[in-house]
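Structure record follows, encoded as structure tokens.
Protein chains: 4
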Amino acid sequence: MPKETFNQLPPDKKERILKAAAGIFAERGFAGTDVAQIAARAGVAKGSLYNYFESKEDFYLHVCRDGIERSRAAVYQEILPDWDIFRQIEHIFRRGVSFVLSHPEYIRLYLNVSSAGMERFADNLTLEVEKHTADYLKGLLREGISRGTVRRDIDVNLAAFLINSLYVVFVVSLISRHFQIRMKEYLGIEGALNEHTIEGSLRAVLEMIHDVLRPMRVAGQNKMPRRIDLTQSSQGTQRKDK
Amino acid sequence: MPKETFNQLPPDKKERILKAAAGIFAERGFAGTDVAQIAARAGVAKGSLYNYFESKEDFYLHVCRDGIERSRAAVYQEILPDWDIFRQIEHIFRRGVSFVLSHPEYIRLYLNVSSAGMERFADNLTLEVEKHTADYLKGLLREGISRGTVRRDIDVNLAAFLINSLYVVFVVSLISRHFQIRMKEYLGIEGALNEHTIEGSLRAVLEMIHDVLRPMRVAGQNKMPRRIDLTQSSQGTQRKDK
Amino acid sequence: MPKETFNQLPPDKKERILKAAAGIFAERGFAGTDVAQIAARAGVAKGSLYNYFESKEDFYLHVCRDGIERSRAAVYQEILPDWDIFRQIEHIFRRGVSFVLSHPEYIRLYLNVSSAGMERFADNLTLEVEKHTADYLKGLLREGISRGTVRRDIDVNLAAFLINSLYVVFVVSLISRHFQIRMKEYLGIEGALNEHTIEGSLRAVLEMIHDVLRPMRVAGQNKMPRRIDLTQSSQGTQRKDK
Amino acid sequence: MPKETFNQLPPDKKERILKAAAGIFAERGFAGTDVAQIAARAGVAKGSLYNYFESKEDFYLHVCRDGIERSRAAVYQEILPDWDIFRQIEHIFRRGVSFVLSHPEYIRLYLNVSSAGMERFADNLTLEVEKHTADYLKGLLREGISRGTVRRDIDVNLAAFLINSLYVVFVVSLISRHFQIRMKEYLGIEGALNEHTIEGSLRAVLEMIHDVLRPMRVAGQNKMPRRIDLTQSSQGTQRKDK
DNA sequence: GATGAATGAGTGTTCATTCAT
DNA sequence: TATGAATGAACACTCATTCAT
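Protein chains in written order, with the numbering used here: chain P, 280 to 521; chain S, 280 to 521; chain B, 280 to 521; chain D, 280 to 521.
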């Protein structure tokens, strides 16, 4: 809930402030951020920020909410409703990865909210993020069941939870030092992450989801290669099921 | 790397200090913790802590390392080497859940290391935690493959990564406000988490792992119930595959 | 010395601003007052106040001067020049009490000027308030002496000082938390001040002044009751000496 | 309620801090004082003051309480219980004046508590100061009545209130710019206050109290000169009534 | 003239670290 | 070695004043 003053600002100034804040809050965390640093990076006076927001906390909340909206817009746009669940999920995962790589600050803000001392932010923000995704995934699953593309006997809630869990771990591994080190250790990656490694593990995750959701799994019918071919184009997967 | 003086302390004093520190660091995060509060809770002088550790950062590192050891001891003990991979994984998950519920502070410390501004801790700690688990899981998988209990065509690294990812999300949902709200939203839980809900989702996660690892998946052979029966004993799953 | 613009304002706007300022300055003191609060209460923009006054200090001075005038008008009006000194003093005291009860903000402003850090205001304002009263009282006393209603051997300056001192303590006890607690403690009053207690102590003060000023004090001639009868009408005193 | 730390300080350091604080709080008022200024004058670090006191407010309260004790000790010591009320009152007034002249900061603190925005301090402090004096004066008056040195028909509470009111105005006129300007205007004093003028008005006040309290007031028996002789020694008055 | 956003110096308070005892 | 007082840099937030519109 920023003050009115903030909404009356010229859009480019709002943007400058939000960018600066998202960047610094994401880099240093809420407690580690000095409001003056944001002001400096945004090119405004520290006092001005207090004309826009009630407090550092209010500011942080707004920056997070703004990040949630941006993420959502980036991830869910361009989905066509007639796509089947697998194509939609893949789209969401790919868009998510892409958005996270170009705007890592927002997912950092998301992850920060899960750490100690941030409970009051979780109380305000978590449902705003999670409810939308949860409902969306559950909708997809139910539709998939009725269309016959998803196993009948699946527990929709649990399946949605597991799919999103994989998503969360995956994108978080792209931006958190801790989760990135972890992922590299697991996958035996040395040096920086690159498109290939990301693509490879992304496809493995999607395949895992496939395995779990597909209704018929007769021996020999599993057409997705188990050993991921990292050289394959990123377009490959979604065509597989056609 | 605590100073020598710390190791020369009477064990109960060391324990008091480590408990107090783990509790407070976990509750408030590194930045949010006042060293004086730890000293007060531990019943020692603030100055004494600086006789034991070089700095707050050094202190935090040691508390985390200690937590890693405790977690490991709790989770990996009592595993018999002749158990198959599924039984071992279930054991690890159950022990993990149990340890986290009784000592939430250590997993909180783990999660905190993933947030912004904690990169220097991740650089020091993450491999220490993850390498062990990664190696262990990969070993299990390789053994499972050679024994024929795990599909041949699986990518060991990716599989280990995914299994551990599910573990991480699961235990983190037990202790982080954010992840707990999220899990409840997905699973439609109202009120506090209880044994039943935890058991139910735990079994779903284990089943998902089964689905992905099992070599043969002929229609009709899937014996695990899809719709989890929460009234079933927690011992049920591991016997299923015998 | 407000700027010209202030005087050109519509009277009701001036009034709104002066009322708001007197109220807030009186409640919170000069240092404790945020100019924005006054602007908000007056319904004008903060910047406008700086069109009307040079500075917060200038504003405060003007508000005080305005208060002085209002007080004076309220207290000294309706006095008939042929009244004797006792009747005039009683009139002044009663009017003062009455004005203070209905407009406590002005006497608060007066009292505030006596506290630490307000010396520059005292330098500007004190004489403006005090000289008038001092001259008036001294005039009354001299006239009383020449008329024979006041003792010849009295020191006019000292007598005026003492009379006004009693007045000041009295009215200040009606509006300052400190002085009110003090008065209640002395007079054994519990709960809020009310008309009776105020009337009682007012009459005691007036009587004290009588005692000191009266020329003849022969044993047995003192007709005013020592123990104040609170049920007596407030008109009683001034007729006593006729 | 300072913290224990403060009481464990070496006495000279406590004294330095209390002196610095009393001086600066008295000069600039509570709101106008920067804690850092006190620290600088006392020669300690700003942070240290927060080892001694919970907050600026707590600090201020303690400084005031300390001032109350000092004032009381200075004013009430050396009174012999067999002195009659007039001698005791004179002693108190003279000691008070003397203490105020040598330690104006304490009475400034007292006066500040009466101004706007200081109500919370008044709630804590006023009774602590006033109750003692009120009880003492009332005791004197009752004893005077029973001894026959004070008029039977006087209202003890009111008389105590008026005596103390004169005292308050008098001492406050010695230290507050506002009240000093006022006193000079009334008494026609130009330049700085000096012993003579103070002595003169002090004796007038004492005489006024005499007039009001004495049981017999036969014309011609009033031996105190009405026109105060400012050249008289300050010891004169109390001998007059013997 | 009226407005209210912009500014940045100023202030109460915290806390990691040091060090005298 | 244990203690806890001392330190001062750091930081959230305020507010008198300015000034562009």
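Where is the CB? At the ideal position from N, CA and C, for every residue including glycine.
Please read all numbers here as calculations on a predicted model, not as lab measurements.
Exposure of N443(P), with buried meaning 16 or more beta-carbon neighbours within 10 Å:
By the neighbour-count definition (other C-beta atoms within 10 Å, threshold 16), N443(P) is a buried residue.
Residues in the same chain with beta-carbon distance under 6 Å from I296(P), minus the five sequence neighbours each way, listed in chain order, please.
A321
Secondary structure at P383(D), three-state DSSP: helix, strand or coil?
helix
Cβ of I386(P) less than 8 Å from any chain S Cβ?
no
Buried or exposed: which applies to G479(B), given that a residue is buried once 16 or more other Cβ atoms fall within 10 Å of its Cβ?
buried
Can you pull the chain P residues whose beta carbon is under 7 Å from the beta carbon of E464(S), in chain order?
At a C-beta separation below 7 Å, E464(S) has these neighbours in chain P: L406, E409, K410 and A413.
My output table needs one value for V435(S): the three-state DSSP class, helix, strand or coil.
Note: V435(S) maps to helix in three-state DSSP.
Contained alpha helix (DSSP H) runs [length at least 4] in the stretch 424-490 of chain S, N- to C-terminal order:
435-454 and 456-466
F372(P) vs L481(P) beta-carbon contact at 8 Å
yes
For K282(D), count neighbouring Cβ atoms within 10 angstroms of its own Cβ and tell me buried if that reaches 16, exposed if not.
exposed
Is there a Cβ of chain D sitting closer than 8 Å to that of L297(B), yes or no?
no
For a contact defined as C-beta to C-beta under 8 Å, what are the partners of G311(D) on chain B?
Residues of chain B passing the Cβ test: A310, A395 and G396.
With a threshold of 7 Å on Cβ separation, who are the neighbours of K335(S) within its own chain once the five nearest residues in sequence on each side are excluded?
In its chain, beyond the 5 residues on either side, V314 have a beta carbon closer than 7 Å to the beta carbon of K335(S).
Compute the distance between the beta-carbons of I310(S) and G375(S), then report whether it is under 8 Å.
What sits at residue 310(S) in the sequence shown is Ala, not Ile. In this structure, G375(S) does not lie closer than 8 Å to A310(S) by Cβ.
What is the rounded straight-line gap between the Cα of Q500(D) and the Cα of E357(D)?
For Q500(D), the pLDDT reaches just 44, beneath the cut-off of 50, and the residue's location in the model is therefore unreliable, leaving the point undetermined.
Cβ of F458(D) within 8 Å of Cβ of M462(B)?
no
Nearest by alpha-carbon distance to A438(B): which of F449(B), V451(B), I424(B) and V450(B) is it?
I424(B)
With 8 Å set as the bound, which would you pick, yes or no: does the beta-carbon of S425(B) sit closer than that to a beta-carbon of chain D?
No, no contact with chain D.
Closer than 7 Å, Cβ to Cβ, to anything on chain D: give me those residues from the stretch 347-358 of chain B, in chain order.
Interface annotation for the stretch 347-358 of chain B against chain D: empty, criterion Cβ-Cβ distance under 7 Å.
Name the chain B residues that come within less than 9 Å of E306(D), Cβ to Cβ?
A395 and G396
How long is the line joining the alpha carbons of D402(B) and E464(D), rounded to whole angstroms?
The alpha-carbon atoms of D402(B) and E464(D) are separated by roughly 13 Å.
Pop quiz: L390(P) and S455(P) are said to be a contact at Cβ under 8 Å. What is the actual Cβ separation, rounded to whole angstroms?
6 Å between Cβ atoms; contact.
Show which residues of chain D have a CB atom less than 9 Å away from the CB atom of I364(B).
Under the 9 Å cutoff, chain D gives no residues; its nearest Cβ is about 16 Å from I364(B).
With 16 other Cβ atoms within 10 Å as the buried cut-off, status of L485(P):
Buried, because 16 or more other Cβ atoms sit within 10 Å of the Cβ of L485(P).
If you measure beta-carbon to beta-carbon, which residues of the stretch 312-337 of chain P are closer than 7 Å to chain S?
none
Would you identify the three-state DSSP class for Q517(S), choosing helix, strand or coil?
For Q517(S), the pLDDT reaches just 39, beneath the cut-off of 50, and the residue's location in the model is therefore unreliable, leaving the point undetermined.
Measuring only the C-alpha atoms, how far is I317(P) from V392(P)?
Rounded to whole angstroms, the separation of the alpha carbons of V392(P) and I317(P) is 19 Å.
How big is the Cα-Cα spacing for G302(D) and I386(D)?
Going from the Cα of G302(D) to the Cα of I386(D) covers about 11 Å.
With DSSP run on the structure shown, which of helix, strand or coil describes F285(S)?
helix
C-beta atoms of I477(P) and L445(P) nearer than 8 Å:
no
Please report the residue range of the alpha helix (DSSP H) in which L359(B) lies.
Per DSSP, L359(B) belongs to no alpha helix (DSSP H) and is neither H nor E.
Return the CA-CA distance between N473(S) and A319(D), expressed in angstroms with no decimal places.
58 Å
With 8 Å set as the bound, which would you pick, yes or no: does the beta-carbon of V376(S) sit closer than that to a beta-carbon of chain P?
no
Identify, in the order they occur along the chain, each residue of the same chain with its Cβ nearer than 7 Å to the Cβ of R307(P), setting aside the five sequence neighbours on each side.
Non-local C-beta neighbours of R307(P) in its own chain, meaning closer than 7 Å and more than five positions away in sequence, are absent.
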